[in-house]
Amino acid sequence: MQNVFLNGEYLPLKNAKVSVLDRGFTFGDGVYEVFLVYHRNIFRFEEHLQRLNNSLSAIYIKNPYTDEQWRELLMTLVENNPSDNQSLYLQVTRGMSDRDHAIDLTDQPTVFAMSKALPERNLSGGVNAICCDDIRWKLCDIKAITLLPSVLLRHQAALAGAKEAILLKDGHVTEGAASNVFIVAGSRVKTPPKDGSILPGITRDLVVELLNDSGIGCHETEISKEELFNAEEIWITSSTWEIVPVVKLDDQVVGNGSPGKVWKRVVDIYQQFKNRQQIV
Ligand SMILES: Cc1ncc(COP(=O)(O)O)c(C=O)c1O
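First residue of the sequence shown: 0, per numbering that gives the first Met the number 0; consecutive thereafter.
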């Protein structure tokens, strides 16, 4: 039976219960993080915690734990799970209160975390994506649990036989429904800049860093719809998927319809980086 963490206790999943008046349930009032665990090490732990801190302070929730307490709590879940590679989920909501929109700063947050075995995934052959209007709000840099627009967008993608929806706002690419976007155009790698219209992806930031360090380079700049459709390569990135090539966008083949050569280089560099992290 899987053990989870809820408000200071480790307990079997089936015994983990929260009130129906929890603001996460009534308002979607909370934030979350997803960490990947490779060989029992939490990958990019500090970066994820920094983003958690940013999300919490943006919604006026005081972080209930220090970084060390978070590490201990999450590592306990990792150690209790038999798998070497895991996907670690944590969520902090504003906790229980009367159903009233107004925030009471004295509310006790609800903290929930669980870890499950990382499923085998191989998307290296490339995936299909569709292009959609970005129907979300203006604070996409907060990793909010309120994910209804992304859920609907992913459903739209699934109905079209695609894996992801790439979003356009005012004629420019923002990101995927649950991923960041890179393109290769005229041999230059580009990704949209970090502002309120995208989630600052931990994978995105690492890919930008690795591209710059390797000399390939990366331009953090606006990408128009036209550039997207004319791109030689399109990649989507997330902690869970890492770096995945998009080989078809709507009805149009991307590049020559198979994963591109810049993508292959970047994936190698990313895997080498991961392997180095596991050795130290
Ligand atoms: C909207 C959105 N953008 C980007 C990402 C990728 O972020 P990360 O690389 O930190 O997993 C996610 C991940 O869930 C997401 O939901």
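Each residue gets a CB set at the ideal place from its N, CA and C atoms; glycine is no exception.
Fewer than three beta-carbon pairs drawn from the region 80-92 and the region 123-132 are found closer than 8 Å, and the two stretches are therefore not classed as touching.
Here the alpha carbon of residue 18 sits roughly 11 Å from the alpha carbon of residue 97.
When secondary structure is reduced to three states using DSSP, residue 123 falls in the coil class, being assigned neither helix nor strand. With contact defined as three or more Cβ pairs closer than 8 Å, the region 108-119 and the region 158-172 are not in contact.
One thing to note: residue 142 has its Cβ no nearer than 8 Å to the Cβ of residue 73.
Going by C-alpha positions, residue 24 is about 13 Å away from residue 110. For residue 201, no beta strand (DSSP E) run applies; the uninterrupted alpha helix (DSSP H) run containing it begins and ends at 201-213, by DSSP.
In the displayed model, residue 115 falls within a strand according to three-state DSSP. Remark: the C-beta of residue 159 is outside contact range of ligand 1, defined as less than 7 Å to any heavy atom. Your pair residue 243 and residue 235 checks out as a contact, with CB atoms roughly 5 Å apart and the cut at 8 Å. Straight across, the Cα-Cα distance linking residue 188 with residue 112 is about 36 Å.
In this chain, residue 25 is not harboured by any beta strand (DSSP E); it is covered by the alpha helix (DSSP H) spanning 22-26. In this chain, the beta strand (DSSP E) harbouring residue 180 covers 179-184. Runs of alpha helix (DSSP H) with 4 or more residues, each lying fully within the region 224-264, are found at 224-229, listed in chain order. Note on geometry: alpha-carbon atoms of residue 139 and residue 255 lie some 33 Å from one another. In this structure, the straight-line span from the alpha carbon of residue 185 to that of residue 231 is close to 8 Å.
Between ligand 1 and the CB of residue 27, the shortest heavy atom gap is not smaller than 7 Å. Look at residue 200: its beta carbon is less than 7 Å from one of the heavy atoms in ligand 1.
No Cβ-Cβ contact shorter than 8 Å links residue 257 with residue 178.
Assigned with DSSP and collapsed to three states, residue 46 falls in helix. By the Cβ test, the region 149-164 is not in contact with the region 191-211, since fewer than three Cβ pairs between them sit closer than 8 Å. Going by DSSP, residue 79 is part of the alpha helix (DSSP H) stretching over 66-79. If you compare the alpha carbons of 39, 221, 59 with that of residue 181, the shortest gap goes to 221. Every alpha helix (DSSP H) stretch that sits fully inside the region 130-193 and reaches 4 residues is listed by chain position as 147-158. For residue 86, the enclosing beta strand (DSSP E) has its first and last residue at 85-92.
Three or more beta-carbon pairs separated by less than 8 Å are not found between the region 8-18 and the region 49-67, which leaves the two stretches without contact.
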